[in-house]
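Peer 1: Take the UniProt record's numbering: the final residue in the sequence shown is number 146, and no numbers are missing along the way. Even for Gly, the Cβ is constructed at its ideal location relative to N, Cα and C. Nothing here was measured: the structure is a model prediction, and the numbers come from that model.
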Amino acid sequence: MIEQAVSHALRLAQSWPHWDGTPIPADDRFYTPHKAIRRIGDHLIDHLAEVEARLAGVPTIPDRWHASAITTPGDLAVFTAADLAEAESRLTRLAQIWTVRLAGLTAEQLDHREPGAWTIREIAEHLSDTYYADAVGWLSEVPQVG
1 MIEQAVSHAL
11 RLAQSWPHWD
21 GTPIPADDRF
31 YTPHKAIRRI
41 GDHLIDHLAE
51 VEARLAGVPT
61 IPDRWHASAI
71 TTPGDLAVFT
81 AADLAEAESR
91 LTRLAQIWTV
101 RLAGLTAEQL
111 DHREPGAWTI
121 REIAEHLSDT
131 YYADAVGWLS
141 EVPQVG
């Protein structure tokens, strides 16, 4: 399900080189193509660090940076075909890491609940949300394929 979410994001990102440079409002935040890609990657990495620490039996390191609330100067940069190629490479590989990792876990590991935390299965379901990509959406005048 994470691979499908990343595929969905990358399908939308094919239109992002058409972005006009105006940040896109979504709920109480603003998004850009670069910010969406950054958030998807950061989200996958942050939760992977959490899961790996839990499986190793060590305390997790809390993420104290609320990155979706911040729009960096880099987020405002033009989104190019090279940026799309980089996103395809990095996000596809991160999604594969998740798929392989989850496939190697037992149902007990996936559904074990630690106090105050989601189960690993719930984390995977959470990561399957396409909010960041959908916040930017399809930006081309050309009809979306797929």
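State yes or no: is the C-beta of L139 within less than 7 Å of the C-beta of L94?
Peer 2: No, Cβ-Cβ distance for L139 and L94 is not below 7 Å.
Peer 1: Considering only residues of the same chain and omitting the five flanking positions on each side of H112, which have a CB-CB separation below 8 Å?
Peer 2: Around H112: T119 and I120.
Peer 1: For A67 and R29, which I take to be in contact (beta-carbon distance under 8 Å), what is that distance rounded to the nearest angstrom?
Peer 2: In fact, because the Cβ distance is near 10 Å, the residues do not count as touching under 8 Å.
Peer 1: Does DSSP put R113 in a helix, in a strand, or in coil?
Peer 2: Correct three-state label for R113: coil.
Peer 1: If we count the other Cβ atoms within 10 Å of its Cβ and call it buried at 16 or more, is W65 buried or exposed?
Peer 2: Result: exposed.
Peer 1: Could you name the residues that DSSP lists as bridge partners for F79?
Peer 2: In DSSP, F79 forms no bridge with anything.
Peer 1: Just curious, the alpha helix (DSSP H) that R11 is in, first and last residue?
Peer 2: Note, R11: alpha helix (DSSP H), I2 to A13.
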